[in-house]
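> Can you read through this structure? Questions will come right after.
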Amino acid sequence: MGGFFDNDRTLPMYKDKPYFTPRRTAPRRWGKPLGILGVFTLFLLWYFYYSPGLPAWKGAESSDKGVELWKWAQSLQNGPTKGPADWAARREKVRDAFIVSWEGYEKDAWGYDEYHPVSGGNRNMVKGGLGWIIVDSLDTMIIMNLTSQVRHARQWIKTSLQYNQDHDVSTFETTIRMLGGLLSANYLSAKYPALAPLTDDDVGAAGEDLYIEKATDLAERLLGAFESPSGIPYASVNLNKSEGLQSHNDGGASSTAEATSIQLEFKYLAKLTGEAEYWKVVENVMQVVDDQKPRDGLVPIYINPKEGAFQGENIRLGSRGDSYYEYLIKQYLQTSEQEPIYKKMWDESMQGIRKHLLAFSKHAQLLVLGERPSGLDGKLSPKMDHLVCFMPGTIALGATGGKPLAEARKSPDWTQQREEEILISKELMKTCWATYRTNPTGLAGEISHFILDEPPVMMANKYPDPSLSSTPKELQSLSLPLTTKDDGTEPWRKDIEIHQMDRHNLQRPETIESIFYMYRITGDEMYREWGWEMFKSFVQHTAVVEEKQSNVSPGNVGAISRIKGFTSLDDALTVPAKKRDNMESFWMAETLKYFYLLFSDRDFVSLEDHVFNTEAHPLPRFKPSGDLKTGLQRKPTL
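For the record, in the sequence shown the residue sitting at position 538 is 538 according to my numbering, with numbers rising by one throughout.
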């Protein structure tokens, strides 16, 4: 889609068309009868491409990805391979893992929102389903050039996906996964027409607007969530009635992160359709939050949709707080740096994080991003959710705008503050990687706690304020290396504790997400190697293996092992790992996508031209115009 937004191109107004009705062409007329053979052939084509459950055991066993992947996983026990890294081959291994995951879902759970690969079970979250896994995975399949899989998904979206369920769904999750997934698929199918090409996507084809029409239908229904007295969206929305519903917990409050992490999706939809309402409702949310004048740029994790006021004092960058900060810098980048107010808010938050939340561990001086559950004047809790590990990559993105570090440093506006942000991103990345290395599986638990000095040694105490120095210089790490010994007595291991209730691993993407950003921005191959070690651990310890009867030689029947899918874990601290029997949709939507992009060329879906929403759906940067412009006005400080 080269030049799609060049010169602020006028975009089609989809709502000028018949309401959510796809364009249709006249039925095709056949010149001659098909005959029995032709009908049979069409039936076979339909079965193999569109049948509700596709067989996962396809073709000859020698070409089965599940068998190949299992044999490769077994070979990993022989130790690392020698020689230079073949990143193209490693990328193909990630693609194979996706294919195996997808085919298991096709076989056992096609069209369902949940897939349980150990038992082969499935479940919908609401009656009729939401296309949770299919839509969330769609742009990953396009990026991986999986044409037949995209065709199957697109056919289901065309014939089965609807958003009129008389049931409440999460406003946030439905926006980032479903709306974001549809918008990204619409964009990528035009931007990269050679990837997973389908004639239905071609300009002028009857189904050209399928994704955007489904997205617009969904967005219209989601708008009901914003009809609160303050404009802060309710936590849930009934899609059938387009009616927002308060949370049943937390005193009816909405999560601050969830309310402020739907802006990228609605703003891009506004750009596509020309409908300013989408832009205004989500920008109003930012206005309400900023009007509360959060201290040092740090926001409590709850906000009440009736009063539009923060609820409680808990401040953290884990669950319910995380993506508020992510979307500050990404809104600034999404609109091609035309909304500097979001950059200012991001900078204020970074100063607050530096002052109140960053501390060093006791033995190895690992940089820890803690929590303040009782507010900024309360005690620092040395707890890091795995979710916090989105921050290293996001900080690096904020420092360079997505440009390579070497290039960004040549900019006249490069400052010591930006240099410190690069140091913070590297040190936090190291801490997140340590939470993987410390466990026998090589996979992190859901939550890690760290041992700090008493009182904690804060980053603000170790480093002078970067604004006091006008000469940028590269800053050096304070933390000890993550060396390993046979007896496991390394100082850095003493700093990490994983409680019994936090030992599970949900296939989360945040650490590989940041590794992807760190590699693309710094160019350091070390991050690619970290990602490769992580990917191997996922294959070795989360794979679901089955045995199939096979003709191993003429006249002889035997069993052969194959991987049929991947699952989350109940315990990542034991080998063999205890499996949980659930494949999260973000395994295919985010985790495997970031692995694949990490091992791809850095210009493929580049950071300079895109922003990834918090569900890893890439959207293009653009310049807003007309009614689509910043309306956010900051109240003066008293």
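Every residue gets a Cβ at the ideal spot worked out from N, C-alpha and C, and that includes glycine.
(1) Strictly by DSSP, which residues pair up with Gly244?
(2) Where does Met602 sit, in a helix, a strand or coil, going by DSSP?
(3) Between which two residues does the alpha helix (DSSP H) containing Ser448 stretch?
(4) For Tyr302, list the residues DSSP reports as bridge partners.
(5) Nearest to Met421 by CA position, among Ile353, Met384, Lys410, is which residue?
(6) To which residues does DSSP link Ile496 through a beta bridge?
(7) One question on the structure: do His402 and Leu333 come within less than 8 Å of each other, judged by their Cβ atoms?
(8) Please list the terminal residues of the continuous alpha helix (DSSP H) segment that includes Asn461.
(9) Where do the N-terminal and C-terminal ends of the alpha helix (DSSP H) with Asp347 fall, by residue?
(10) According to DSSP, simplified to helix, strand and coil, what is Asn124?
(11) Assuming contact is defined by CB atoms lying nearer than 8 Å, are Tyr596 and Pro509 in contact in what I supplied?
(12) Leaving out five residues before and five after Asp453 in sequence, what residues of the same chain have Cβ atoms less than 6 Å from its Cβ?
(13) According to DSSP, is Ile521 part of a helix, a strand, or is it coil?
(14) What is the residue span of the alpha helix (DSSP H) that Glu114 lies within?
(15) Could you have a look at Met583 and say whether DSSP puts it in helix, strand or coil?
(16) What does a CB cutoff of less than 6 Å around Pro12 pick up in its chain, not counting 5 residues either side in sequence?
(17) Are Tyr327 and Leu387 touching if we call contact CB-CB under 8 Å?
(18) Quick check: what's the CA-CA separation for Gly121 versus Gln77?
(19) Tell me the rounded alpha-carbon separation between Arg621 and Leu380.
(20) What whole-angstrom Cβ distance do Leu366 and Trp492 have, given they're in contact under 8 Å?
(21) Between which residues of its own chain and Leu639 is the CB-CB distance below 6 Å, once the five residues before and five after are set aside?
(22) Quick one: Cα of Ala257 to Cα of Ile303, how far?
(23) Drop a sphere of 10 angstroms on the beta-carbon of Phe48, count the other beta-carbons inside from all chains shown, and report buried for 16 or more, exposed for fewer.
(24) Are Gly251 and Gln165 closer than 8 Å when you measure CB to CB?
(25) With a Cβ-Cβ cutoff of 8 Å, do Ala225 and Thr260 count as a contact?
(26) What does the alpha-carbon distance come out to for the pair Lys564 and Gln416?
(27) Just to confirm the assignment, what range does the beta strand (DSSP E) spanning Met384 have?
(28) Could you have a look at Arg24 and say whether DSSP puts it in helix, strand or coil?
(29) For Leu146, does the three-state DSSP call read helix, strand or coil?
(30) Mapping the DSSP letters down to three states, classify Pro509 as helix, strand or coil.
(31) Starting from Val368, trace the beta strand (DSSP E) in both directions and tell me its first and last residue.
(32) Between which two residues does the alpha helix (DSSP H) carrying Phe98 extend?
(33) Compute the beta-carbon to beta-carbon distance between Arg660 and Leu607, rounded to the nearest angstrom, for a pair I have assumed lies under 8 Å.
(34) Expressed to the nearest angstrom, what Euclidean distance is found between the alpha-carbon atoms of Pro456 and Thr484?
(35) Report the partner residues of Arg562 according to the DSSP bridge assignment.
(36) Helix, strand or coil for Ser361, going by three-state DSSP, please let me know.
On the basis of the coordinates in this document:
(1) Val237
(2) A quick correction: the sequence has Arg, not Met, at residue 602. Coil.
(3) Where Ser448 is concerned, there is no enclosing alpha helix (DSSP H), although the beta strand (DSSP E) it sits in stretches over 447-450.
(4) Ser255
(5) Here residue 421 turns out to be Glu, not Met, going by the sequence shown. Ranking the options by Cα distance to Glu421, first place goes to Ile353.
(6) Phe450
(7) Here residue 402 is Gly; the residue named in the question, His, does not match the sequence. Contact flag set, yes.
(8) 459-462
(9) 340-356
(10) coil
(11) no
(12) Lys362
(13) helix
(14) Looking at the DSSP string, Glu114 is not in any alpha helix (DSSP H); the run it does join, the beta strand (DSSP E), is 114-116.
(15) strand
(16) The predicted model places Pro12 with a pLDDT of 32, which falls under 50 and marks its position as unreliable, so this point remains unresolved.
(17) For Tyr327 and Leu387, no; Cβs fall outside 8 Å.
(18) 31 Å
(19) So the two alpha carbons sit approximately 37 Å from each other.
(20) Separation of the CB atoms of Leu366 and Trp492 is rounded to 6 Å, and the pair is thereby assigned contact status at 8 Å.
(21) Residue 639 is absent from the model: the chain starts at 1 and stops at 638.
(22) 9 Å
(23) Below a pLDDT of 50, predicted positions are generally treated as unreliable, and Phe48, at 43, falls in that range; the measurement from the model is reported next regardless. When all chains shown are included, Phe48 counts as exposed.
(24) no
(25) no
(26) Lys564 and Gln416: Cα-Cα distance of roughly 50 Å.
(27) 383-385
(28) Only weak support is given to the placement of Arg24: the predicted model assigns it a pLDDT of 25, under 50, and the question is left unresolved by the model.
(29) Leu146: coil per DSSP, three-state reduction.
(30) Three-state result, Pro509: coil.
(31) 367-369
(32) 87-109
(33) In the structure displayed, the chain extends from 1 to 638; residue 660 sits before or after that span and is not available.
(34) 26 Å
(35) Glu546.
(36) strand
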